[in-house]
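Contents: one structure, followed by commentary.
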Amino acid sequence: MDPEQLGQWSVWTGALGVLSFLVSLILLWQGSGNMILDRFDQKDFYFAGAGFMYIAIWMKLGAIFHQRK
Numbered sequence: 339m340d341p342e343q344l345g346q347w348s349v350w351t352g353a354l355g356v357l358s359f360l361v362s363l364i365l366l367w368q369g370s371g372n373m374i375l376d377r378f379d380q381k382d383f384y385f386a387g388a389g390f391m392y393i394a395i396w397m398k399l400g401a402i403f404h405q406r407k
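Here this note's numbering is used: the first residue of the sequence shown is 339, the next is one more, and so on.
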């Protein structure tokens, strides 16, 4: 994969991670009174955000080391 494209994918993956963290904070702040998000727990979005951030970091590192070759 092209390092530039890999870097862009890491930015979007990181944005999804940050968005998941924000949703988990909103759920923590509001409690469980939302009908749409009743199925999901705050921990679900927290772990999803952590997973997306983990993937984004490895993709960004891959793009950096791929450019050095």
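Quick reminder that beta carbons are idealized off the backbone N, C-alpha and C, glycines included.
Quick check: the Cα distance between residue i and residue j, rounded to an integer number of angstroms?
i, j, result
"P341", "G387", "24 Å"
"P382", "M397", "Rather than Pro, the amino acid found at residue 382 in this sequence is Asp. Roughly 23 Å between the two C-alpha positions."
"I393", "H404", "16 Å"
"M359", "I395", "With the sequence shown as reference, residue 359 is identified as Phe, and Met is not the correct amino acid for it. If you take the alpha carbons of F359 and I395, they lie about 16 Å apart."
"W446", "M391", "Look at the range of the chain in this structure, 339 to 407, and you will see that residue 446 is not part of it."
"L354", "G389", "10 Å"
Helix, strand or coil, according to DSSP, for residue i in the structure here?
i, result
"D382", "helix"
Do residue j and residue i have their beta-carbon atoms positioned less than 9 Å apart in this structure?
i, j, result
"A401", "G352", "no"
"Y384", "S348", "no"
So, does the CB of residue i fall closer than 9 Å to a CB anywhere in chain C?
i, result
"G352", "Reference to chain C is not applicable here, since this structure consists of a single protein chain."
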